[in-house]
Amino acid sequence: MSHPSPKSPALPRTLLSLLLCGAALGGAASAMAAPVKVGLALDISGPFAALGAEARDGFALGIKQLGGKLGGQDVEFVQADMAGSPDQAKQLVDRMIQRDKIDIFSGPIGSNVALAVGPTLFNAKVPYLSANAGPSQFAGAQCNAYFFGTAYQNDQFHEAAGKFAQDRGFKKTVLIAPNYPAGKDALGGFKRQFKGQVADELYTKLGQIDYAAELAQLRAAKPDSIYFFLPGAMGINFIKQFVGAGLSKDITLVTSGFSADEDVIGAVGEPMLGLFNTSHWAHDLDNAANKAFVAAFRKEYNGRYPSVYAAQAYDAILAMDAAVKQSGGNAQNREAVVAALKKANYASTRGSFKYANNHYPVENFYLRVIGKDAQGKVTNKLINTVLTNYGDSYADKCPLK
Amino acid sequence: MSGILVLEQLLNGLGYGLMLFLLAAGLTLVFGIMDVLNLAHGSLFMSGAYVAAEAHTRTGSFTAAIVIAVAVTVVVALLLEVLLMRRLYTRDHLAQVLATFGVILVADDIVKMAWGPSPVMAPTPAALSGPIELVDGLPYPSYRLVILAGGLLVALALYLLVNHTRIGMRVRAGASDRPMAELMGVRVGRIFNGVFLLGAALAALAGALMGPIVAVQVGMGEAILIPALVVLVIGGIGSVRGAFVAALLVGVVDTIGRAFMPMLLRATLPPATAADLGPLFAEVAMYALMVIVLIFRPSGLFSARS
């Protein structure tokens, strides 16, 4: 009768394999029970604070409507204020990945922030739904399977405005943008679709306050229309001073949806009436999902109309919900989540859209004009569709299939 | 290029210069005369703009809005002076910069709590919302004429106050040699208190006047601080006259840089080079002016301490 001696390797080996089994089982069990972890970047301070607050309200409404679950799974939302700062965002996202072990990420408003946090997320294979920023870098050669520009590609708004200007038959237009990369991209995007005469391209200082010199040049150039891309306060300064100089009587002002959304309307008011702008969404866009969203948003936030930023954030939550559900409820299976996200199979506030090979949307772009609603409130009104099922011009450089 | 366009751009330059002077006047008083570097000057400017916007919407009167904005901001400045600034007068500039930078952060958060993160509406008074024909073929925004007039009046009032009144004399005495002035019976602490409040009132006036043509939003004070400091440095620290001349110079040079440099370059250089250089020139014109002035007059145009 031989008892296994303590020196025999058999017992430890059995114990070890039992332990391993247990660990594996325990691991699997905890994976089943662990909530989906979602990292949300909220730019509620810094240069994009106003837009970030809109996005936060959109996220919050989506989360509330889903009862705090995604695809029926419990969710832990890890929220952090990136403050529109690439450095701060990078640190916060590193922490979200290493400490909080997030499964999905969504958020930052600024393209500079998106570019800063992208590579870290891609390395960690965390699906990243960009709820606003759509930098061209991630659309072309540097596209990534884990990145989804769920909203738009940056150039598309300007291309839509160029198409509108072309369709309208403007003969002579002047373009204005700040002297930085996004400004040049914007005007380039406009010119891709506008074939009429561009009388002048004015580049202003970034963050410029006074536009008197540019307005005098505009008056002297006598264009029939102006296209401006002046994000944030610059746009507000420009519109106020443009109207004050009496130029709005003779010149049609055209901009992208960025400078004509509810946050800007709230600051400028009546002088914005009649301003044309282009966007992939409008609060009066006629589809069931959008009507329900706008009604719920206005009920939740004291009758305020949602902006594009709120709609996009809400959409990002719906997209996550659908992806978790369609991947069989296993958010840890990144490939399944990405495959489900790519289908874009959910009731978007934009109506149905699909992704191109670079994971940027192929969608409609609309013309809006600022007018008054039935209660006399100044807001955007949808006019018509400018571009139908429109993709971006970088997709063919993206190696993804 | 027509004569009218040149005239209009000169007027724009003077207008922008007077705007800068409104901003820099308070800063030059506090920094130049009291030697206190108050970065929170921009926050007082923001306070003026927000309070004026709110008061204008509620009362419907632009004049009342300006008065209320100045009054409220002076009260805020009084609290700031008693609680903080008073302790900083004798400290070095680094302590002043750190403490007043802290004030900026606190002020931005308070404004965000009270008015939210989105820019608020600051209406233009209805009577001044359109342009008027200055000379034939030159319509000029009437509201800008108000800013022009405001800047000129402030310049005149400050000049008279500092150079031709007893209070002004005491202020200058306290600034140039505090112990000696105190020995002569000047209550310098009290006078400095008054100068700080006057500086705050000027910041609030600038904010209230500029609200209708700029975005009234959190952090608006930080954006204006740099051009205001450039004006201060070019003018010579402590000189109201210097600040006035420097503000007009910066305004005109900046406007000419933006309006005519790209045009000039396009006429002389290949289009691609001109397209790259033009905006660059416009952007650095103000700093180039500062460098040139400092090469020839290291302490500014009219330094009070040379």
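These protein sequence lines are chains A and B, in that order.
Residue 357 in the working numbering sits at position 357 of the first sequence, and the numbers go up by one each step.
Residue 1228 in the working numbering sits at position 228 of the second sequence, and the numbers go up by one each step.
Glycine included, C-beta positions come from ideal geometry on N, C-alpha and C.
Beta-carbon proximity of residue i to residue j, cut-off 8 angstroms
i	j	result
B:P1123	B:H1164	no
B:Q1096	B:L1037	yes
B:F1281	B:M1263	no
B:A1246	B:I1234	yes
A:A83	A:S106	no
B:A1173	B:T1100	no
B:A1025	B:V1240	yes
A:F276	A:L175	no
A:R265	A:N237	For the record, residue 265 of chain A in the displayed sequence is Ile; it is not Arg. Contact: no.
A:A141	A:K401	no
A:A347	A:K354	no
B:V1252	B:L1020	no
A:A311	A:T349	yes
B:A1175	B:M1034	yes
A:P108	A:A133	yes
A:S352	A:V337	no
B:R1086	A:A213	no
A:D81	A:D43	yes
A:G52	A:M96	no
A:T173	A:I226	yes
Residues of its chain near residue i, where Cβ-Cβ distance is below 7 angstroms and the 5 sequence neighbours each way are ignored
i	result
B:V1216	A1049, Y1050, A1053, P1119, V1120 and A1122
B:G1219	D1108
B:I1224	L1023, G1042 and F1045
A:N179	Y203, T204, K205 and L206
B:T1273	none
A:G183	A177, Y203 and F229
B:A1200	G1026, L1044, T1073, V1074 and A1077
Three-state class that DSSP yields for residue i in the structure shown
i	result
A:S8	Because the pLDDT of A:S8 is 45, which lies under 50, any placement of that residue in the model is unreliable, and the question is left without a value.
A:Q73	strand
B:A1040	coil
A:K101	coil
A:G22	For A:G22, the predicted structure reports a pLDDT of 47, less than 50, and the residue's modelled location is therefore unreliable. The matter cannot be settled from this model.
A:S30	For A:S30, the pLDDT reaches just 42, beneath the cut-off of 50, and the residue's location in the model is therefore unreliable, although a value from the coordinates is still provided. Three-state DSSP puts A:S30 in a helix.
A:L253	strand
A:Q91	helix
A:P178	strand
A:A60	helix
B:I1068	helix
B:V1218	coil
B:L1079	helix
A:Y355	strand
B:L1301	coil
B:V1120	strand
A:P135	coil
A:V126	coil
A:S2	Bear in mind that a pLDDT of 44 at A:S2, under 50, signals an unreliable position, so the model cannot answer this.
A:T150	coil
A:S106	strand
A:P306	coil
B:Y1089	coil
A:N384	strand
B:K1112	helix
B:I1132	strand
In DSSP terms, what residue i is bridged to
i	result
A:D81	A:L42
A:T379	A:G371
A:A141	According to DSSP, A:A141 bridges with nothing at all.
A:N277	A:T255 and A:R368
A:D202	The question names Asp, but residue 202 of chain A in the sequence shown is Leu. DSSP, once it has assigned bridges, lists A:I176 as partnering A:L202.
B:R1293	Position check: residue 1293 of chain B holds Val in this sequence, whereas Arg was assumed. None, per the DSSP bridge assignment.
A:Y227	A:L175 and A:V254
A:Q197	A:K172
Close Cβ partners of residue i (< 6 angstroms) along its chain, the five nearest in sequence each way excluded
i	result
A:V93	V117 and T120
A:F402	Nothing can be reported for residue 402 of chain A: it is not among the residues displayed for chain A, which extend from 1 to 401.
A:A245	L215
A:V387	A small correction: the amino acid at residue 387 of chain A is Leu; Val does not occupy that position in the sequence shown. Answer for A:L387: A160, K163 and F365, listed in chain order.
A:K325	G71
B:P1227	L1020
A:M320	L70 and I104
B:G965	As displayed, chain B neither begins before 1001 nor continues past 1306, which places residue 965 of chain B out of reach and without an answer.
8 angstroms Cβ shell around residue i - same chain, five flanking residues per side excluded
i	result
B:I1292	none
A:K171	G196, Q197 and D224
Any non-hydrogen atom of the ligand GDP closer than 7 angstroms to residue i Cβ
i	result
A:Q88	Annotation note on the ligand GDP: not contained in the displayed structure, which lists no ligands.
Checklist entry - Going along the chain, which unbroken runs of the alpha helix (DSSP H) with 4 or more residues stay wholly within the region 1180 to 1214 of chain B? => result Listed in chain order, the complete alpha helix (DSSP H) runs (minimum 4 residues) inside the region 1180 to 1214 of chain B are 1188 to 1210.
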